Amino acid sequence: MTDAFALDPIVATFARYGVRRTSMNDLARALGVSRQSLYNRFGSKGALADWAVQALIDRSLAEALANIEQPAKTLPARIVDALDAWVGRHRAALHASPHGAEIVAAMQPDPSEAVRAAERRLVAAMAEAIRLSGPGSAVPRAGSIAQALCWTARGLVHAVPDHDAFRRQMDHIAGALVAR
Numbered sequence: 001m002t003d004a005f006a007l008d009p010i011v012a013t014f015a016r017y018g019v020r021r022t023s024m025n026d027l028a029r030a031l032g033v034s035r036q037s038l039y040n041r042f043g044s045k046g047a048l049a050d051w052a053v054q055a056l057i058d059r060s061l062a063e064a065l066a067n068i069e070q071p072a073k074t075l076p077a078r079i080v081d082a083l084d085a086w087v088g089r090h091r092a093a094l095h096a097s098p099h100g101a102e103i104v105a106a107m108q109p110d111p112s113e114a115v116r117a118a119e120r121r122l123v124a125a126m127a128e129a130i131r132l133s134g135p136g137s138a139v140p141r142a143g144s145i146a147q148a149l150c151w152t153a154r155g156l157v158h159a160v161p162d163h164d165a166f167r168r169q170m171d172h173i174a175g176a177l178v179a180r
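Residues 1 to 180 (the UniProt record's numbering) make up the sequence shown, in order.
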């Protein structure tokens, strides 16, 4: 039933007002539905926020994993595309939101188990891709390389001035670690 509610307007509304200040009226208005329909489906703003976070994690992970499975692309390109889907494409929204720091602060010291589980799946998929098509020197270290690339992408999102810089830096880093 949650498929009836579009994720992007919910995320944009939380980003605009912050999680604490966003009201169910704000969310209903963004979705073009009644506030009561949100309460009927989710029960509370907290439950709706939890659903939105999980849906965003699931969507980002699915896109990242799909990028790993692109046989026509080089291994570094597949990895960069995956990391871009996982964290890079969220850079602009985090930095544009007046509540981006609040969102990052809530996630950084102790990411939720859902984030950790999704990231473990992504790292495992990247490690397998490195094992299958990486240069011989990378194969025995595939898990460590995949984890390091994931951590690098997470940190780089906060260090670069824009999305293009994120892509350029990740291209250089992934290329240096896994290119033939």
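For every residue, glycine included, the Cβ atom is placed at its ideal position computed from N, Cα and C. None of the values given here were measured: they were computed from a predicted structure.
Only counting runs of 4 or more residues, tell me where the alpha helix (DSSP H) segments fall wholly within the UniProt domain "HTH tetR-type" (1-60), in order along the chain. 7-17, 24-31 and 35-42
Give the C-beta separation of residue 181 and A118 to the nearest angstrom, bearing in mind that I take them to be a contact with Cβ-Cβ under 8 Å. Residue 181 cannot be examined here, being either before or after the span of the chain that is shown, 1 to 180.
Measuring only the C-alpha atoms, how far is W151 from S112? 16 Å
Please classify G88 as buried or exposed, where buried requires at least 16 neighbouring CB atoms within 10 angstroms. buried
Just the C-alpha distance for A77 and A153, rounded to the nearest angstrom, thanks. 14 Å
Enumerate in chain order the residues of its own chain whose CB-to-CB distance from A142 is below 7 Å, with the five nearest sequence positions on each side excluded. A127, I130, R131 and G134
So, for T13: in the same chain, excluding its five sequence neighbours on each side, which residues have a beta-carbon less than 6 Å away from its beta-carbon? T22, D26, L27 and A30
Measure from the alpha carbon of S144 to the alpha carbon of each residue in V33, A165 and A174, then state which is nearest. A174
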